[in-house]
Structures are given as C-alpha cells and as structure tokens.
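Novice:
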Amino acid sequence: MLRALVALLVLVNLGIYAWGRGWLGDAAREPGAEGAARQARQIRPQSVVILSPTSARAAAAGLACLEAGPFSASQLGAAETVLQPLLPAGSWTDVRTERPAVWTVYMGKYETPELMARKQAEVGRTRIEFEEVRGTPDLEPGLALGRFDSREAADRALAQYVLRGLRSARVTELVPATTSHMLRIEKAGSAVLAQATALRNEALGNGFTSCATAESPR
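Mind the numbering: the sequence shown is residues 2 to 219 in my numbering, read in order.
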C-alpha cells in the first residue's frame, strides 16, 4: 500500500511538471478565456519539486525531521535538560560534527608595521606563500606560511622552510579543534512535531527547525 502511494505521488509530480512545461501538447490545453483562467489557477511549474522516494514516504507517513543547535559540549547538557521532561525519552539523538585543528608555520608577532613589512619581504624572497593572520588576536600581527591539517604536516613544512633560509618560523595551532552538537528528531510525528516546534527556552537557542538535509546524516 505504501509503495503504491509513493508511486502515485511521484506520478502526480511528474504530471504537473510536464503540464507546466507544455510537453502534453496544445491539445491538452483549454482554449479561450476559460482555459486561461484555469491556467492562472494552476500551481506554478517552476515551484514544483519532484519528491524522492524517501521524501515521499516521509510525507505519506506524516513524519518530519527536526534539529536544534549547534551546541558546544558545555551547552549540550543544558539543552537536553530542557527536553527531558517535555519530549518522549529516546525521541532525539545527538549528532556530533568534529572539525580538526588547523596548524600553520608562523612568524610573528611584529610590533611595528615596518618590521612586518621587512619580514614579508624576507619571506617573499624565498617564494614561500604566506598570508597575514586574521581573526586570531594572540597571533596578530603575524604571518601564516600555509595551513595544515596535522602537527606532523606543519613540522615537515617547517623543516623545508628552514632549509630555504627562514630561521624565526615556528609551528603553532591556527584554529583549535572543535566539536559541535545538533539535537535531531529523525521522525517526528504530529504530536512530537507540535511539542518540539513550540519549545521556547534560551538553552535551545533558536529552537527546533526543519533538518537542513533530512536524508543525509552529518
């Protein structure tokens, strides 16, 4: 029964799309003012979305995917404490996203613009690519000679830079590793949907909204 309903939803979407594109031919269109009025009341073809089988099954079952967050590790406990007495146990999951640290070969800090300019010229003569550090006050003003996804990769680059004449560079962490958390309700029925979207609490940030990508786990 569900498979037949999914097929019907897909066929309806395809039919509307073909009608709006004119693929059904002029014979399928009504002439005159009455036909024009009917066309004006039609769904705009450009707004038609052909549902995937997964989306069609979710729509047919009346389910929704909801998310709240992102939260840091310190914020997560407070957010779940708000949910525990209000939503059924086990109705949400913690979806973690881990971003590794970014490392760089660093030169600085330089106290004067003149010193900064001199070091830029020094690095330029070695033809090593560099950028000024932005958004990291502890390292500004300074130069970042590449970005690396591990300390070991940055160490190897530093060894090469020393051979090319740079003596004052060192390896440092440019962006620390982070872990963020999303509280996700994968298949919210109508009751849970109403409860979750109605929740208003500072610990939940902006509250629950539709999943950014309901069919693709993070």
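Idealized CB from N, CA, C, for every residue including glycine.
Kindly confirm or deny that the segment 174-189 and the segment 95-106 touch, where touching means at least three C-beta pairs closer than 8 Å.
Specialist: Segments in contact, yes.
Novice: Report yes or no: do the segment 99-116 and the segment 144-156 share at least 3 C-beta pairs separated by less than 8 Å?
Specialist: Yes: the two stretches touch, three or more of their Cβ pairs being nearer than 8 Å.
Novice: Suppose contacts are defined by Cβ-Cβ distances below 9 Å. Is V83 in contact with L167 by that definition?
Specialist: No; because the gap between Cβ atoms is not below 9 Å, this pair is not in contact.
Novice: Considering only their Cβ atoms, is the gap separating C66 from A189 smaller than 9 Å?
Specialist: Cβ atoms of A189 and C66: closer than 9 Å.
Novice: If we count the other Cβ atoms within 10 Å of its Cβ and call it buried at 16 or more, is T55 buried or exposed?
Specialist: Its pLDDT being 49, under 50, T55 is placed unreliably by the model, and the measurement read from it follows with that caveat. So T55 counts as exposed.
Novice: Going along the chain, which unbroken runs of the alpha helix (DSSP H) with 4 or more residues stay wholly within the segment 63-124?
Specialist: As far as the segment 63-124 is concerned, its whole alpha helix (DSSP H) runs of at least 4 residues are 74-84.
Novice: Starting from the Cα of R135, find the closest Cα among G70, I129, V172 and V176 and give me that residue.
Specialist: Of the candidates G70, I129, V172 and V176, the one whose C-alpha sits nearest the C-alpha of R135 is V176.
Novice: Taking only three categories from DSSP, how would you classify L200?
Specialist: Note: L200 maps to coil in three-state DSSP.
Novice: What are the boundary residues of the beta strand (DSSP E) that E130 is part of?
Specialist: Here E130 belongs to no beta strand (DSSP E), and DSSP marks it neither H nor E.
Novice: Suppose the cutoff is 7 Å on Cβ atoms and the five residues either side in sequence are ignored; what does the same chain contact list for C212 look like?
Specialist: C66, L67, E68 and R185.
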